[in-house]
Structure formats: structure tokens, C-alpha cells
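Participant: Here the sequence shown stands for residues 2 to 444, where the numbers follow the numbering used here.
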Amino acid sequence: MARFGNRFGEVIRREGREIGDYQRLVDEMGRAGLVLIGEASHGTHEFYETRARITERLIEEKGFNAVVVEADWPDAWRVNRWVRGFNDDEDAEGALGGFKRFPQWMWRNEDVLEFVEWMRRFNDARPRGREKVGFYGMDLYSLYTSVEEVLKYLNKVDLAAARRARWRYSCLGHSGEDAQAYGYAASFELSRSCEDEVVAQLVELRRGAAEYAKRDGRVAEDEYFYAEQNARLIANAERYYRAMFEGGTESWNVRDRHMVETLGALVDYLDGHVGKTKVVVWAHNSHLGDARATDVGERGQLNVGQLVREKWGMDETRLVGFSTHKGTVTAATDWDGPAETKRVRPSLEGSWERAFHDVGGDFLMMLREMKEGREMFLEERLERAIGVIYRPETERISHYFGARIGEQFDAVIHLDETSAVRPLERVAIPAPVEEEETYPTGI
2 MARFGNRFGE VIRREGREIG DYQRLVDEMG RAGLVLIGEA SHGTHEFYET RARITERLIE
62 EKGFNAVVVE ADWPDAWRVN RWVRGFNDDE DAEGALGGFK RFPQWMWRNE DVLEFVEWMR
122 RFNDARPRGR EKVGFYGMDL YSLYTSVEEV LKYLNKVDLA AARRARWRYS CLGHSGEDAQ
182 AYGYAASFEL SRSCEDEVVA QLVELRRGAA EYAKRDGRVA EDEYFYAEQN ARLIANAERY
242 YRAMFEGGTE SWNVRDRHMV ETLGALVDYL DGHVGKTKVV VWAHNSHLGD ARATDVGERG
302 QLNVGQLVRE KWGMDETRLV GFSTHKGTVT AATDWDGPAE TKRVRPSLEG SWERAFHDVG
362 GDFLMMLREM KEGREMFLEE RLERAIGVIY RPETERISHY FGARIGEQFD AVIHLDETSA
422 VRPLERVAIP APVEEEETYP TGI
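(1) Given Leu368, which residues of its chain have a CB within under 8 Å of its CB, disregarding the five upstream and five downstream residues?
(2) Taking C-beta to C-beta, are Gly301 and Thr250 nearer than 8 Å?
(3) Which residue from Val69, Tyr391, Asp363 puts its Cα closest to that of Arg344?
(4) Kindly indicate which residue of Ala33, Val68, His43, Gly44 has the alpha-carbon position closest to the one of Arg54.
(5) Give me the residue from Lys312, Asp257, Gly298, Leu289 with the minimum Cα distance to Glu268.
(6) With a 10 Å radius around its C-beta and 16 neighbouring C-beta atoms as the bar for buried, classify Phe87 as buried or exposed.
(7) If I measure Cβ to Cβ from Val282 and keep anything under 6 Å in the same chain, skipping five residues before and after, which residues do I get?
(8) Residue range of the beta strand (DSSP E) that Glu412 falls in?
(9) Out of Gly362, Gly361, Asp417, Arg346, state which residue places its alpha-carbon closest to the alpha-carbon of Ile387.
(10) Could you pull out every unbroken beta strand (DSSP E) segment of at least 3 residues lying fully inside the stretch 355 to 423, listed in chain order?
(11) Of the residues Arg385, Leu416, Glu380, Ile235, which one's Cα is nearest the Cα of His358?
(12) Checking 8 Å against the spacing of the C-beta atoms, do Arg385 and Ser420 come in under that value?
(13) Among the candidates Val321, Glu222, Val330, whose CA atom is the shortest distance from the CA of Gly273?
(14) Would you list the residues sitting across from Thr45 in a DSSP beta bridge?
(15) Under three-state DSSP, which class holds Met107?
(16) Between Gly403 and Leu383, is the Cβ-Cβ spacing less than 8 Å?
(17) Return the CA-CA distance between Glu40 and Asp159, expressed in angstroms with no decimal places.
(18) Assuming Ser147 contacts Asn231 under a Cβ cut-off of 8 Å, what Cβ separation, rounded to an integer in Å, is found between them?
(19) Compute the distance between the beta-carbons of Asn81 and Gly135, then report whether it is under 8 Å.
(20) Is Gly362 close to the ligand GDP? I mean its beta-carbon at under 7 Å from any heavy atom of the ligand.
(21) If you drop the 5 nearest sequence neighbours on each side, which residues of the same chain put their C-beta closer than 7 Å to that of Leu320?
(22) Mind pulling the alpha helix (DSSP H) runs of 4 or more residues that sit fully within the stretch 230 to 278?
(23) Have a look at Lys279, Glu394, Asp140, Tyr154 and flag the residue whose alpha-carbon is nearest the alpha-carbon of Ala214.
(24) Nearest to Gln202 by alpha carbon, out of Phe100, Val422, Val275, Ala161?
(25) Please report the straight-line C-alpha distance between Asn7 and Val117, rounded to a whole angstrom.
(26) For Glu418, I'd like the list of residues in its chain whose CB is within less than 8 Å of its CB, leaving aside the five on either flank, ordered along the chain.
(27) Please list, in chain order, all residues of the same chain as Pro104 whose beta carbon is under 6 Å from its beta carbon, the five residues on each side excluded.
(28) Considering Cα atoms alone, identify which of Gly248, Gly298, Trp74 is closest to Tyr142.
(29) Considering only the alpha carbon of each residue, which of Leu144, Tyr145, Val84 lies closest to Lys133?
(30) Can you tell me where the alpha helix (DSSP H) with Lys327 in it begins and where it stops?
(31) Looking at the structure shown, is Ala100 part of a helix, part of a strand, or coil, going by DSSP?
(32) Only counting runs of 4 or more residues, tell me where the alpha helix (DSSP H) segments fall wholly within the stretch 277 to 344, in order along the chain.
(33) Measure the alpha-carbon distance for Glu229 versus Asp296 and round it to whole angstroms.
(34) Below 8 Å between beta carbons: does that hold for Val27 and Glu50?
(35) Nearest to Met139 by CA position, among Ala356, Ala294, Ala284, is which residue?
(36) Using C-beta distances below 7 Å, list every residue in its chain close to Glu57, excluding the 5 sequence neighbours before and after it, in chain order.
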């Protein structure tokens with residue numbers, strides 16, 4: 002902040018907009034076909050709430066008809082069926098019941114529940130014959146659930162094909178449905194890789210596409226598409242879990258490529274059935290901000306934001322990020338650990354978050370449209386990322402990376418003090434009381 006002098010604050014005060022008025026953002030984002038809205042943590046109420054309100058307006062005012070989230074395909078498909086009027090579940094909380102694995106609070110929380118209920122009300126009010134807005138997942142952690150879903154589908158439409166699929170997928174079963182154990186054993190050649198089997202199953206399923214999808218009109222086509230995406234997920238997840246133990250950036254890159262593959266397949270499918278598809282994507286800033294504008298990108302890591310810009314072009318895409326200075330967050334200390342309400346330390350000197358805090362208040366920055374002063378946002382500064390794990394005692398090493406925020410995002414929403422998301426399972430361990438002046442400033 003110091004090297005910018007007062008000009009940085011003057012630019013923000015002139016260019017920034019009150020966060021309560023989204024009209025400028027909605028109008029600008031609405032011109033694109035894909036709007037990617039991030040979050041600086043997986044456990045902050047204000048990020049979820051603000052993102053949901055913006056998405057609702059994009060749906061109502063700009064014709065967006067799909068929401069794609071950083072969640073597993075089969076779990077989100079269950080929500081998709083409920084919001085589109087299939088009463089497999091009694092209510093929205095039941096529809097979110099597929100989200101059972103860690104981190105459960107990421108999608109089973111009060112803000113997501115409220116948004117899913119809104120989607121159902123919106124769809125129920127649509128005139129007869131108008132396509133309903135869907136809710137979809139694009140992540141790949143559901144390896145064994147997706148195996149079950151492919152087998153369930155083939156048992157319904159082709160018993161012989163189901164037997165072949167069961168034989169192929171049995172290769173994955175030697176690790177007792179523990180995907181990480183499978184990846185470890187396969188990568189160190191303690192057991193053989195199942196790559197050939199899962200790819201062969203995807204190829205066979207695709208060969209039967211025309212026959213399977215024509216049986217009962219649109220319902221059969223939807224069911225086939227759901228199964229095919231599960232088979233795609235299995236093939237990519239198998240590669241992902243092997244790459245986890247090979248070091249470097251490959252496992253991250255496999256995962257983000259899979260998310261964009263899924264997004265592309267969904268857009269193509271919906272374009273063919275409902276006309277022009279306009280999509281809102283929800284995921285973490287680290288996935289949705291263009292990796293080429295970060296120091297991790299310089300080390301070979303790519304992400305969804307970069308790939309979407311490369312595939313669909315700058316005119317058709319918009320990337321929106323969030324930041325915060327301090328507050329509380331729902332997160333765990335270790336993977337598979339319990340949800341805790343943790344206190345977020347004030348942002349570090351030299352970070353974008355601290356520079357925004359020093360200006361004061363909550364605001365929206367339309368970086369793409371900015372003319373005067375834009376060059377200050379093209380310098381590299383620290384940026385904070387809190388995922389499902391937060392370790393404030395190693396904050397500098399664990400949660401900061403370098404970023405040129407003006408290239409990373411088209412718009413940034415800064416909310417200076419934020420609070421923890423509220424899980425539906427109210428088991429989060431409360432945050433300890435801790436005075437700000439006890440926080441170290443440089444770690």
C-alpha cells in the first residue's frame with residue numbers, strides 16, 4: 002500500500018461501488034455466457050450469501066439457466082432433480098443429503114439450503130413448457146459413488162453391459178473403496194493401475210449412447226447423460242488419485258481439467274436441448290481466478306478460470322473474486338477433521354486484502370472496466386486463500402500466494418469483516434476468544 006501512496010485509495014474510492022447494489026455487476030456480467038463467481042474460503046457466510054444473491058439476479062434478469070458448483074456430480078444431480086421438480090426428496094435439506102463426505106458443511110449449510118429453496122420456487126413459478134434452471138456438480142471425488150451410479154444405470158438398460166462394467170470396475174475394489182489408498186498403491190506399483198479398464202468402460206458407454214438415449218425421449222437422454230458424466234468422472238478420478246502421489250502440480254491440473262471438461266459437456270448438452278445456455282459457476286477463488294496471473298501458475302499450475310478463458314474467450318467469460326480482511330470461518334485443522342469456527346487473522350501487510358482494508362469499508366471493484374489507475378492492480382501482491390483447512394499458526398506459508406489481481410479477475414468484491422458459514426449439522430467447535438494484538442504479523 003505504501004508504494005502506491007494515496008492514489009490506490011483514491012482509485013478505489015472513485016471506482017468502487019456500494020456492495021449492496023449489484024446492478025452494475027449484474028448488467029456487465031450478464032453480457033457473458035459463463036460467469037465464474039469465487040470465494041476466498043469454503044466457510045464464509047457472506048461469500049455464500051452474496052454469491053447466491055448475484056446468481057439469483059443473473060437468473061431472473063439475464064436468463065442464466067444453469068448453476069455449476071465445486072461439488073461432486075452425483076451429489077449435485079440429486080439437488081438438480083429436486084430443484085427441477087422431481088420429488089425424490091421431501092424438501093431441500095433432503096435433496097442436500099448426498100453431501101456426506103468431508104467437508105460436509107461446504108454444501109450442507111444454511112446459505113446453500115436457502116438458495117436451493119429459492120431455485121425450486123423459481124422453477125415452480127416458470128410457465129409450462131419453459132426450461133427449468135438446473136444445479137450441477139463438476140468435481141471428481143465421488144469415484145466409488147459414480148461407479149455405483151453407472152452400474153445402477155446399466156442394470157436398468159442393458160444387463161450384459163452391466164456385467165462387463167462390473168468386471169472392469171472390480172479392478173478398483175482392491176483398496177476397499179478407499180480412493181487415496183488405491184492411488185497410493187497404483188502410483189507406487191503395489192497394485193496395478195485400472196486406467197485401461199475405466200477408459201474402456203467410458204468408450205463402451207459412449208458407443209451405446211444413441212440406443213440408450215432414444216428409449217423414452219428427454220428423460221432417457223438425461224439419464225444417459227448423467228451416467229456418461231459419471232463414467233467420465235471415474236476415468237479422470239482414477240488418474241487424479243494416482244497423480245496425488247507423484248508430486249508436482251499434476252493432480253491439481255487433472256482435477257481442474259476435469260471440471261472444465263464437465264462444464265463443456267454440460268454446456269453442449271443443454272445447448273442441444275434448451276438453446277443458448279448461460280452458466281454461473283461457483284468455486285474457490287484459487288480455481289476461478291486465472292492461474293496465469295499468479296505465482297503458482299508460473300510454476301505450472303493451471304485452473305478452471307484460465308481454461309475457461311482459453312476455451313470460450315474473454316468476451317464470453319467473466320471471473321469474479323472475493324476478499325476479506327478478518328472475521329471467522331468454518332474450517333477444519335486437518336483433512337477429515339471436525340468443523341471448527343476459527344478466527345481469521347487480520348490480513349498481512351503487503352497483501353491485497355490489507356490494501357483494501359486500509360481504504361476502508363466493503364466495495365465492488367470492476368477491474369475489467371477500469372481505465373485510470375488499472376496499472377496498480379497489475380502488480381503482484383500477496384493474496385489469501387482459505388480452503389476447507391485453516392491453519393492460522395502457519396498463515397503466511399499455508400494460505401498466501403502471489404497474484405496480479407487485475408489480470409486474475411474481472412471484478413473483485415471486498416467484504417472487510419466476515420463470519421463463519423452455518424452448517425446444517427450444528428457441530429462446529431466455536432472459535433477461541435483471542436485479541437488481535439496477539440497475532441503475529443509476518444508468518
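Glycine is no exception: its CB is placed at the ideal position from the N, C-alpha and C atoms.
Note that the coordinates shown come from a computational prediction; the quantities given were computed from them, not determined experimentally.
Facilitator: Considering the structure as presented:
(1) Arg375, Phe378, Ile406, Gly407, Phe410, Asp411, Ala412, Val413
(2) yes
(3) Tyr391
(4) Val68
(5) Note that residue 268 is Val in the sequence shown here, rather than Glu. Answer by Cα proximity: Lys312.
(6) exposed
(7) Leu37, Val69
(8) Residue 412 is actually Ala in this sequence, not Glu. From DSSP, the beta strand (DSSP E) with Ala412 extends over 412 to 415.
(9) Arg346
(10) 364 to 366, 382 to 385, 401 to 404, 412 to 415
(11) Leu416
(12) no
(13) Glu222
(14) Ala421
(15) helix
(16) yes
(17) 42 Å
(18) 4 Å
(19) yes
(20) In the structure on display, the ligand GDP does not appear, and there are no ligands present to speak of.
(21) Leu37, Leu289, Gly290, Asp291, Gly306, Phe410, Asp411
(22) 251 to 275
(23) Tyr154
(24) Ala161
(25) 43 Å
(26) Thr325, His326, Lys327, Gly328
(27) Val389
(28) Trp74
(29) Val84
(30) Looking at the DSSP string, Lys327 is not in any alpha helix (DSSP H); the run it does join, the beta strand (DSSP E), is 327 to 332.
(31) Sequence inspection shows Phe at residue 100; the Ala mentioned does not correspond to that position. Phe100 falls in the coil class under three-state DSSP.
(32) 286 to 289, 296 to 299, 305 to 313
(33) 36 Å
(34) no
(35) Ala284
(36) Trp119
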